[in-house]
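**Student:** Supplied in structure tokens, the structure appears directly below.
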Amino acid sequence: MLQKKIPMRMCLGCNEMKSKREMIRVVHQKDGTILLDATGKQAGRGAYICPQLACLQKARKARRLEKAFSCKISEEIYDALEQSMQDAEGGDPDA
């Protein structure tokens, strides 16, 4: 019996290969919107990141999302991504 192949993706923050299921997809839609895709089914160009805030901050510092999507990403979008990641974690931003 053949085992089903597990899709692997590289995190833009830490550059580690992990299974697609344990990553968060960041999607760049045709209208220019950039958002976190919890379902993994949103239309648009996708890039993957670990669910840790540190990985998002590394990707932000190195401008890896901008390189992946070939467009300029404003600070507001990064802040919104950080906020939605904190909300998803249920973490306290003041902690």
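For the numbering used here, count along the sequence shown from 1 and bump the result up by 14. The beta carbon of each residue, even a glycine, is placed where N, CA and C say it ideally should be.
Please specify which runs of the beta strand (DSSP E), each continuous and at least 3 residues long, are wholly inside the segment 27 to 67, giving them in chain order.
**Tutor:** Segments of the beta strand (DSSP E) lying fully in the segment 27 to 67: 31 to 33, 38 to 42, 48 to 51, 59 to 63.
**Student:** Distance, Cα to Cα, E89 vs R77?
**Tutor:** Here residue 89 corresponds to residue number 75 of the sequence shown, with the count starting at 1. Here residue 77 corresponds to residue number 63 of the sequence shown, with the count starting at 1. Cα to Cα, E89 sits roughly 11 Å from R77.
**Student:** Classify M37 as buried or exposed, calling it buried when 16 or more other Cβ atoms lie within 10 Å of its own Cβ.
**Tutor:** Start at 1 with the first residue of the sequence shown, and residue 37 comes out as number 23. When all chains shown are included, M37 counts as buried.
**Student:** Taking just the CA atoms, how far does T53 sit from K129?
**Tutor:** Because residue 129 is not part of the residues shown, which for the chain are 15 to 109, the question remains open.
**Student:** What would DSSP say about R23, mapped onto helix, strand or coil?
**Tutor:** Looking up residue 23 in the sequence shown gives position 9. In the structure shown, R23 sits in a strand (DSSP, three-state: E or B).
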